[in-house]
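First the structure, in the form of structure tokens, and then the observations on it.
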Amino acid sequence: MYRFRDENDVVIYVGKARSLRSRLNSYFADVHSLHPRTYAMVNSAARVDWVTVANEVEALQVEYSWIKEYDPRFNVRYRDDKSYPYLAVTMNEQFPRVQVMRGAKKRGIRYFGPYAHAWAIRETVDQLLRVFPMRSCSKGVFARHQRMGRPCLLGDIGKCSAPCVGRVTEEEHRAIAEELCRFMGGRTGKYIRDIEKQMTHAAGELDFETAARLRDDLSALRRALARTAVVLPDDTDADVVGMVADELEVSIQVFHVRGGRVTGQRSFIVERTVDGGEDELVEQFLTQFYGEETGEAAQEAGVPQNVLVSQIPPNVEVLTAWLVAKRGAKVRVSVPSRGAKRDLLATVRQNAQESLAVHKLRRAGDLTARSQALSQLQEYLDLPEAPLRIECIDISGHHGTDLTASIVVFEDAIATKSEYRKYAIADYQDDLAAMREAVTRRFARLAPGADEDGATRRRYRPGLLVVDGGEPQVNAAADALHALGIDFISVCGLAKRLEEVWLPNDPDPVILPRRSEGLYLLQRVRDEAHRFAVAYHRQRRAKAAQVSVLDDVPGLGPAKRKALLRHFGSVRKVRAASVDEIATVPGIGPKLAASILDAVAQSGQNGGINVTTGELLGDAEPDERATD
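Just so you know, the working numbering puts 697 at position 607 of the sequence shown, and the rest follows in order with no gaps.
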């Protein structure tokens with residue numbers, strides 16, 4: 091175990107390694123080749139100290155305790171961005187109480203959830219108290235009725251066993267609380283079956299009053315369970331961890347599944363401070379997430395039997411052993427490969443993706459953040475004024491074919507989708523030539539002396555052109571603008587790998603602060619251009635893949651082609667028809683019918699193969715058949 095400390099002796103990073111010498115050599119051998127975040131950490135450190143531990147499990151525990159104690163700024167801290175309410179049972183009191191609790195977890199209290207809303211917990215508790223009549227009042231109310239010798243209303247209506255007046259002993263009341271905890275822990279099937287048997291037996295004994303009460307209890311339990319979705323088999327206890335990360339931030343969603351039902355959900359969004367793949371991030375998260383759970387509480391509510399993740403951590407055996415020690419029972423960390431578990435993990439990852447997108451877009455709705463972003467771009471990029479109108483170009487293609495270019499427009503740091511444009515680029519051009527063509531076609535109307543009728547429709551004149559790429563793409567875009575005689579539009583590029591900002595004819599990139607609003611804005615613009623370009627590229631590829639032998643027939647448009655296929659059913663039947671039979675189709679005359687027959691006859695001579703695409707023709711091709 092090692093700790094980096096700065097010049098003020100403050101711990102800035104905590105890590106573990108089997109070989110300390112190798113790990114430190116990786117930091118200091120060539121600092122200029124490091125990731126910018128790692129480079130910043132190394133340059134902030136003044137000294138390193140270390141501690142030797144007995145094994146990797148102990149190292150994992152020490153790492154967690156150090157992160158909790160020092161809160162190092164270069165370690166990822168997975169803090170929930172919300173204060174979720176929990177259903178809590180205070181097993182540390184003489185007479186346990188069920189209640190809604192928020193904040194940090196305390197020892198001796200069993201927590202279930204979290205829930206999205208406190209009212210959902212209260213309604214659930216109201217249903218459960220019919221079957222598990224335990225104390226739900228505060229200490230003051232309990233003490234007052236204890237002095238009065240008379241129970242409260244809940245005791246009179248049967249939703250409390252009234253331990254305050256001695257209707258049940260301390261042991262009996264604790265047993266009721268234990269039953270409630272086991273039910274909330276996922277062991278629901280047993281209670282449902284037991285109540286059904288008791289209800290059937292009471293009805294058979296003609297004790298209809300008891301049977302009616304058990305029927306109402308059964309309905310209350312089912313209403314409480316109906317608030318949670320069934321996603322896995324009844325005996326499944328698992329935490330499903332979905333993680334989505336970009337270059338700057340990590341979004342994590344955790345679904346708590348108990349007894350096959352989703353009983354709670356938590357969300358985390360943290361800054362990505364140092365290098366590491368998704369597998370390492372998963373290990374860091376699990377260590378911190380389960381670090382505070384111990385003993386019986388870990389088994390009941392914290393550490394489940396199964397932990398489903400999207401990537402296996404690098405030291406999964408050590409992590410599993412640590413979790414087993416925390417829970418006191420078997421724990422399995424795995425990646426689901428099929429079935430309902432894989433589908434649930436995909437859903438959790440989708441939630442994480444959407445949560446990250448909402449987090450990034452939330453900044454766009456903040457007027458202060460938008461103004462700050464534009465001001466920062468003016469400062470960092472040395473622009474003459476704030477870029478009120480930003481345009482971004484991205485090139486998308488597949489091995490030089492179906493090249494497309496997208497133009498997205500942001501005005502006042504907000505996407506203006508009515509101004510979006512897309513271009514089809516000639517195939518088999520390199521990326522730089524495609525960039526030059528897209529810039530020329532986009533800004534030719536702004537060239538000096540051009541008749542630019544669209545300029546009057548623009549709210550602002552373009553102030554900044556962003557390209558998706560590094561130095562070569564930026565220089566290509568700048569050269570295209572220079573050839574047009576345009577000098578009032580600044581150009582920059584945002585490279586994906588390190589999120590570096592490149593300027594024309596500058597060998598060194600501009601490094602924006604990782605949490606700056608300006609960088610977030612450039613990322614939003616770049617990602618939107620990439621999305622728009624990829625969507626158009628896929629559209630072109632899909633259209634190119636659907637090639638028909640009827641496409642090249644002169645005079646046969648889409649409507650007539652559709653009518654022809656609807657009449658005959660397939661190209662094969664068109665090939666077998668005569669000219670007179672084809673001419674019976676509305677809109678098709680004898681001359682056009684002869685051209686159609688020649689075209690389909692030639693395709694039949696090629697053995698039913700499109701020699702251009704390699705695809706099967708005739709009956710095999712989807713768009714060669716009649717469709718409704």
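All C-beta atoms, glycine included, are put in the ideal place defined by N, C-alpha and C.
To the nearest angstrom, report how far apart residue i and residue j are at their CA atoms.
i, j, result
"TYR92", "THR377", "17 Å"
"TRP156", "VAL104", "7 Å"
"VAL352", "GLY429", "17 Å"
"TYR610", "ILE483", "17 Å"
"GLN343", "PHE379", "12 Å"
"ALA319", "ARG348", "With a pLDDT of 49 at ALA319, under the threshold of 50, the modelled position of this residue cannot be trusted, and the question is left open."
"ALA649", "VAL643", "13 Å"
"MET289", "ASN165", "56 Å"
"SER486", "ALA623", "6 Å"
"ALA691", "LEU655", "16 Å"
"LEU218", "ALA619", "52 Å"
"THR128", "ASN115", "13 Å"
"ILE199", "MET191", "10 Å"
"LYS512", "THR530", "13 Å"
"ILE285", "SER427", "37 Å"
"THR410", "GLN374", "13 Å"
"THR546", "LEU536", "With a pLDDT of only 44 at THR546, under the threshold of 50, the placement of this residue in the model should not be trusted; the figure read from the coordinates follows. The straight-line gap from Cα to Cα measures roughly 11 Å."
"ASP329", "TYR154", "20 Å"
"ASN696", "VAL661", "Note that ASN696 scores 48 on pLDDT, short of 50, meaning its location in the model is unreliable and no value can be drawn from it."
"HIS235", "LEU244", "12 Å"
Suppose the cutoff is 8 Å on Cβ atoms and the five residues either side in sequence are ignored; what does the same chain contact list for residue i look like?
i, result
"ASP306", "ARG220"
"PRO186", "VAL179, THR180, MET224, ARG225, HIS263, ARG264 and ALA267"
"GLU260", "GLN184, PHE185 and PRO253"
"VAL231", "CYS242"
"ILE719", "Only positions 91 to 718 of the chain appear in this structure, which leaves residue 719 out of reach."
"VAL564", "VAL557, VAL581, CYS582, GLY583, TRP592, LEU593 and PRO594"
"ALA107", "TYR92 and ARG113"
Across which residues does DSSP place residue i in a beta bridge pair?
i, result
"ARG665", "Beta-bridge pairing links ARG665 to no other residue."
"GLN343", "GLY332 and SER357"
"GLU607", "In the DSSP output, where bridge partners are listed per residue, GLU607 has none listed."
"VAL557", "ILE483 and GLY583"
"THR180", "ILE199"
"LEU105", "Contrary to the premise, residue 105 reads as Gly rather than Leu in this sequence. Answer is TYR92."
"GLU590", "ALA585"
"PHE375", "According to DSSP, which records beta bridges pairwise, PHE375 is partnered with nothing at all."
Spatial neighbours of residue i within its chain, please: C-beta separation below 6 Å, excluding the five flanking residues on both sides.
i, result
"GLN395", "ASP327"
"VAL499", "GLU481, THR506 and GLU509"
"VAL101", "ARG93, ARG95, TYR160 and PRO162"
"PHE658", "VAL664"
"SER580", "LEU473 and LEU554"
"LYS249", "LEU219 and PRO223"
"LYS196", "none"
Starting from the Cα of residue i, find the closest Cα among the options and give me that residue.
i, options, result
"LEU722", "GLN343, MET131, GLY560 and VAL188", "The structure shown has nothing for residue 722, since the chain only spans 91 to 718."
"ALA666", "PHE94, LYS586 and ALA684", "ALA684"
"GLY381", "ILE359, LYS416 and PRO594", "LYS416"
"ALA566", "LEU522, GLY560 and CYS250", "LEU522"
"ALA689", "PRO676, GLY677, THR674 and ARG651", "ARG651"
"ARG237", "VAL255, PHE222, LEU114 and ASP596", "VAL255"
"VAL600", "GLU469, SER309 and LEU110", "GLU469"
"ASP617", "LEU110, SER228 and ILE497", "ILE497"
"ILE282", "SER309, PHE298 and HIS291", "SER309"
"ARG614", "TYR117, ALA625, LYS586 and HIS572", "LYS586"
Check whether the Cβ atoms of residue i and residue j lie closer than 9 Å to each other.
i, j, result
"ALA149", "GLU97", "no"
"VAL448", "PRO403", "no"
"GLN401", "GLU368", "yes"
"VAL421", "VAL399", "no"
"GLU501", "ARG532", "no"
"ALA589", "ARG604", "Per the sequence shown, the amino acid found at residue 589 is Glu instead of Ala. Their beta carbons are under 9 Å apart, which means GLU589 touches ARG604 by this criterion."
"MET274", "LEU177", "yes"
"GLY294", "LEU435", "no"
"ALA503", "ARG551", "no"
CB-CB under 7 Å to residue i, same chain, minus the five flanking residues each way: which ones, in chain order?
i, result
"GLN466", "SER606, GLU607 and GLY608"
"LEU646", "LEU640, LEU682 and ILE686"
"GLU146", "ASN405 and VAL408"
"VAL334", "SER341, ARG439, ALA442, GLN443 and LEU446"
"GLY544", "Residue confidence for GLY544 is low, a pLDDT of 46 falling below 50, so the modelled location carries little weight; the figure read from the coordinates is stated next. For GLY544, where only same-chain residues beyond five positions count, the Cβ hits under 7 Å are ARG535."
"GLY385", "With a pLDDT of 43 at GLY385, under the threshold of 50, the predicted position of this residue should be treated as unreliable, though the coordinate-derived value follows. GLY418."
"VAL675", "ALA653, LEU654 and HIS657"
"GLY721", "The structure shown does not extend to residue 721, since the chain is modelled only from 91 to 718, so the question has no answer here."
With respect to 8 Å, is the separation between the Cβ of residue i and the closest non-hydrogen atom of the ligand GTP below this value?
i, result
"VAL360", "With respect to the ligand GTP, the structure offers nothing, as it holds no ligand at all."
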